[in-house]
Every structure is written in C-alpha cells, then in structure tokens.
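**Q**
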Amino acid sequence: MSETNLNIPKIIAAFPEYGEVIGYKPITDGHINDTYIVEYLVEGGKSVRYLLQRINTNVFKMPVELMDNVMGITAHLRKKIEAAGGDPSRETLTVYPAKDGKNYYMTEEDGCWRMYNFVENTYSINELTSPEDFKSAALSFGNFQKLLADYPIETLYDTIPNFHNTPSRFKDFLDALERNASGRKASAKPEIDFVLAREKDCGVITDMLDKGELPLRVTHNDTKLNNVLFDKDTNKGICVVDLDTVMPGSSLYDFGDSIRFGANTASEDETDLSKVSLSLEYFEAYVEGYLKTAGDSLTENEIIYLPFAAKLLTLECGIRFLGDYINGDVYFKTDYPEHNLIRARTQF
Ligand code: GN1
Ligand code: MG
Numbered sequence: 130m131s132e133t134n135l136n137i138p139k140i141i142a143a144f145p146e147y148g149e150v151i152g153y154k155p156i157t158d159g160h161i162n163d164t165y166i167v168e169y170l171v172e173g174g175k176s177v178r179y180l181l182q183r184i185n186t187n188v189f190k191m192p193v194e195l196m197d198n199v200m201g202i203t204a205h206l207r208k209k210i211e212a213a214g215g216d217p218s219r220e221t222l223t224v225y226p227a228k229d230g231k232n233y234y235m236t237e238e239d240g241c242w243r244m245y246n247f248v249e250n251t252y253s254i255n256e257l258t259s260p261e262d263f264k265s266a267a268l269s270f271g272n273f274q275k276l277l278a279d280y281p282i283e284t285l286y287d288t289i290p291n292f293h294n295t296p297s298r299f300k301d302f303l304d305a306l307e308r309n310a311s312g313r314k315a316s317a318k319p320e321i322d323f324v325l326a327r328e329k330d331c332g333v334i335t336d337m338l339d340k341g342e343l344p345l346r347v348t349h350n351d352t353k354l355n356n357v358l359f360d361k362d363t364n365k366g367i368c369v370v371d372l373d374t375v376m377p378g379s380s381l382y383d384f385g386d387s388i389r390f391g392a393n394t395a396s397e398d399e400t401d402l403s404k405v406s407l408s409l410e411y412f413e414a415y416v417e418g419y420l421k422t423a424g425d426s427l428t429e430n431e432i433i434y435l436p437f438a439a440k441l442l443t444l445e446c447g448i449r450f451l452g453d454y455i456n457g458d459v460y461f462k463t464d465y466p467e468h469n470l471i472r473a474r475t476q477f
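According to the working numbering, the residues represented by the sequence shown are 130 to 477, in order.
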C-alpha cells in the first residue's frame with residue numbers, strides 16, 4: 130500500500146476520540162514505519178498530540194507479538210522510572226489502545242496501526258554539532274540497557290529473526306547477488322567487492338555469542354541517534370524510542386550501531402564521500418557516556434570489542450543497504466533510485 134492511499138481519518142477513528150481532531154501530519158525520519166502526529170482539541174481549549182504509526186508488516190511479520198514485546202518492555206521501564214523518581218510519561222512510551230481494546234488496530238485493508246503518546250517539549254538529532262549531545266545519547270542508551278538488564282529475556286519474541294546476525298546478512302547478500310532482481314549488480318561492482326573481501330569479519334560477534342564468550346542481553350538493536358528524544362529545556366536525552374527491535378542480542382550491537390550513525394561526520398546518505406569519516410572525538414564522548422551507565426555490568430570482552438563492533442555494525446548496515454539496492458529497494462524507504470547505493474557507500 131502506498132502512503133498516498135492511506136485513509137488517515139479512518140485510522141484515527143479506530144482509536145478513542147481524545148477530542149476533536151484538529152489535524153495530522155507525517156514525520157518522515159524513519160526508514161521503515163509510517164508515522165503521523167495527530168492533534169486533538171480537548172477540554173479547556175487545549176490541544177493534545179499523539180503519535181500514530183503504521184507498523185511495516187513487510188518488515189515486521191509478527192506485529193501482534195511485536196506489540197506484546199512493546200507492552201512488556203514499556204511496563205518494565207515505567208516501574209523502574211517511577212522507582213527512580215522519574216516521569217514515565219516522558220521517559221518511556223505509552224501505548225494507547227484502539228477502540229476495541231487491543232493495543233493495535235489491524236485489518237487486511239488498512240494494515241497494522243498503533244497509537245503512542247507524543248512526548249512534548251523534546252527534539253531528536255540527525256546530525257551532531259557537539260560531542261556533549263552524543264554523550265547524552267550514550268547515557269540514555271546505556272541506561273536503557275541497564276533498566277532492562279533484569280527483564281525476562283525468554284519472554285521476548287524475535288521480531289526480526291537474525292536481525293544482527295551478520296553472517297546471515299552476508300548470506301542474504303549473496304542470495305541477492307545471485308538473483309540480481311533489479312538488474313543493478315553491474316552498477317555496484319566496487320561496493321560488492323568491498324563486501325566480499327570482508328566475509329571473515331562477519332562472524333566475530335555471533336561466534337563469541339555461540340561460544341558463551343559474550344552474554345546475551347536485552348538490547349535495543351536500532352540505536353540510531355534519532356531514536357533518543359532530547360528535552361528542550363535541559364538538552365539531555367530523556368526517552369529511548371523505536372522499540373520494535375528490542376530483542377535478545379549483544380550489547381555490542383547497540384554500541385556499534387550508535388557509533389555507525391552518530392560518529393559519522395556526515396549524514397547516512399551524504400553523496401560527497403570526502404565529508405564522511407569517523408569522528409574520534411564523538412567516539413570517545415559516546416564511550417564515556419555509555420560506560421558510565423552500562424559499564425558496570427559489561428564483561429571484559431564486551432569492552433574489548435567495542436571498537437570492532439563499530440566497524441562490524443557499519444559494515445552490516447552497508448551490506449543491508451547494498452543488498453536492498455540490488456533487490457530493487459524493497460525494504461528501506463528511498464527518495465531516489467540510487468539512495469540505497471549512496472547509503473551503502475557512506476557506510477563502507
Ligand atoms: C532502519 O526504522 P529506522 O529508520 O530507525 C532499520 C535499522 C537500520 C536503519 C539505518 C527495522 O531504522 O536496522 O540500521 O534503518 N530498522 C529496521 O538507518 O530494519
Ligand atoms: Mg527510528
């Protein structure tokens with residue numbers, strides 16, 4: 130279903146009437162789900178905003194189980210935040226059920242939708258201008274991991290099996306090359322060769338997990354800088370969002386993916402590669418923040434492999450972008466035909 134065909138008023142009507150609907154507008158940051166801010170006029174002439182989101186069921190094939198994860202995780206976080214004297218209505222997400230009482234609205238025709246609170250007086254960052262902001266994001270992601278350290282990991286569904294299993298991503302990539310569904314293979318020869326030369330790196334983290342040399346933890350798995358909300362008054366990270374990929378994983382996935390995105394001196398889809406590099410200043414700032422909140426619980430291997438994880442998660446993401454380019458842009462949202470190839474190049 131294309132975005133233009135979406136009947137948003139119909140979807141809004143599937144959720145309780147929080148007031149008179151003043152309007153709605155899309156947020157276009159994410160590569161996967163469709164997100165809208167919906168504004169209602171409530172008693173006293175005030176307006177209240179909510180976040181309406183369509184779960185991309187092409188990517189998340191088990192939305193009901195996914196929402197089960199989200200309910201469990203947010204309930205757990207809420208308790209911990211309250212106990213620490215925080216404000217759970219701003220420091221984690223709250224799911225607002227549909228009219229039928231379910232935590233989502235789903236039909237064959239409309240797809241799967243959910244409603245969250247909109248955390249007011251916050252902003253997200255796509256490109257850093259100071260290491261302090263990155264350190265603040267690190268404190269948030271580190272704290273997120275710490276708060277979930279005692280979450281019953283066996284109750285979590287794998288919302289995307291093998292999500293950060295890099296050898297499995299490598300294999301998918303080889304399959305994509307084999308199929309060459311888009312016919313674009315010939316236009317990405319240097320990038321393809323770059324990946325093929327790095328097969329050996331792919332299994333390092335998964336092998337250590339298999340051998341018990343790294344612990345399995347509850348991890349976020351999509352620790353992009355723009356998945357932290359910063360408070361407009363304090364400029365501190367206060368809320369970790371995008372909980373769809375919270376699954377059992379390695380802390381190294383979360384660290385590596387944060388560095389991949391945030392410590393890049395340019396954006397993920399910068400076309401001028403001379404602007405793309407790893408900022409060691411940002412890297413250090415992130416390490417400092419991350420170790421401050423998550424450090425106590427990390428094992429020696431989890432610390433030793435931090436730099437390697439930054440490399441591997443960046444490679445993995447590049448493999449996924451390039452694979453999607455070759456598959457014909459069937460996974461990530463793209464704005465123009467070469468978008469996934471451009472993204473892959475920045476990663477490599
Ligand atoms: C996707 O949904 P979003 O934009 O936060 C992707 C991540 C990638 C990221 C690359 C479920 O994240 O794995 O690292 O794009 N999420 C999923 O920017 O595949
Ligand atoms: Mg996101």
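Even for Gly, the Cβ is constructed at its ideal location relative to N, Cα and C.
What does DSSP give as the partner residue(s) for Asp351 in the beta ladder?
**A** Bridge partners of Asp351: none, in fact.
**Q** If the criterion is Cβ atoms closer than 8 Å, does the pair Ile182 and Asp158 meet it?
**A** In the sequence under discussion, the amino acid at residue 182 is Gln, which differs from the Ile named in the question. No, they are not a contact pair.
**Q** Taking all protein chains shown into account, decide if Arg308 is buried (16 or more other Cβ within 10 angstroms of its Cβ) or exposed.
**A** The residue is exposed, with fewer than 16 neighbouring Cβ atoms inside 10 Å.
**Q** What number of angstroms, rounded off, separates the C-alpha of Tyr434 from the C-alpha of Leu451?
**A** Rounded to the nearest angstrom, the two C-alpha atoms are 25 Å apart.
**Q** Using 10 angstroms around the beta-carbon of Ser403, count the other beta-carbons present and answer buried if the total reaches 16, otherwise exposed.
**A** It is exposed - the Cβ of Ser403 has fewer than 16 other Cβ atoms within 10 Å.
**Q** Does the count of Cβ pairs from the region 324-331 and the region 353-361 closer than 8 Å reach three?
**A** Touching, no, given that fewer than three Cβ pairs across the two stretches are closer than 8 Å.
**Q** When the Cα of Gly221 is compared with those of Ile137, Val199, Asn232, Gly230, which residue comes out closest?
**A** Rather than Gly, the amino acid found at residue 221 in this sequence is Thr. Minimum Cα distance to Thr221 is reached at Val199.
**Q** Can you list, in chain order, the residues of its chain whose CB lies under 6 Å from that of Asn250, leaving out five sequence neighbours each side?
**A** These residues qualify, in order along the chain: Lys361.
**Q** By the DSSP assignment, the beta strand (DSSP E) with Lys421 in it spans what residues?
**A** From DSSP, Lys421 is part of no beta strand (DSSP E) but of the alpha helix (DSSP H) over 409-423.
**Q** Would you mind stating whether Asn469 and Phe461 have Cβ atoms separated by less than 8 Å?
**A** It is a contact, given that the beta carbons lie within the stated cut-off.
**Q** By the three-class DSSP mapping on this structure, what secondary structure does Val167 have?
**A** In this structure, Val167 counts as strand in the three-state DSSP scheme.
**Q** What would DSSP say about Lys139, mapped onto helix, strand or coil?
**A** Helix at Lys139.
**Q** Tyr245 by DSSP, collapsed to three states: which one?
**A** Residue state, collapsed to three classes: strand.
**Q** Give the C-beta separation of Val224 and Tyr280 to the nearest angstrom, bearing in mind that I take them to be a contact with Cβ-Cβ under 8 Å.
**A** Not quite, the Cβ-Cβ distance comes to about 17 Å (not below 8 Å), so this is no contact.
**Q** Quick one: what does DSSP say Pro217 is sitting in, helix, strand or coil?
**A** Note: Pro217 maps to helix in three-state DSSP.
**Q** Arg298: which of Gly447, Ile137, Asp464 sits nearest, CA to CA?
**A** It is Gly447 whose Cα lies nearest to the Cα of Arg298.
**Q** Exposed or buried, which one is Ser131 when buried takes at least 16 other CB atoms within 10 Å?
**A** Only weak support exists for where Ser131 lies, its pLDDT of 48 falling under 50; the value from the coordinates is given anyway. By the 10 Å Cβ count, Ser131 comes out exposed.
**Q** Hey, does Gln476 have any beta-carbon neighbour from chain C nearer than 8 Å?
**A** The chain inventory of the structure shown lacks chain C, comprising one protein chain alone.
**Q** Looking only at its own chain, which residues have a Cβ that is under 7 Å from the Cβ of Thr335, when we skip the five neighbours before and after it?
**A** Cβ within range, chain order: Asn294, Thr295, Pro296.
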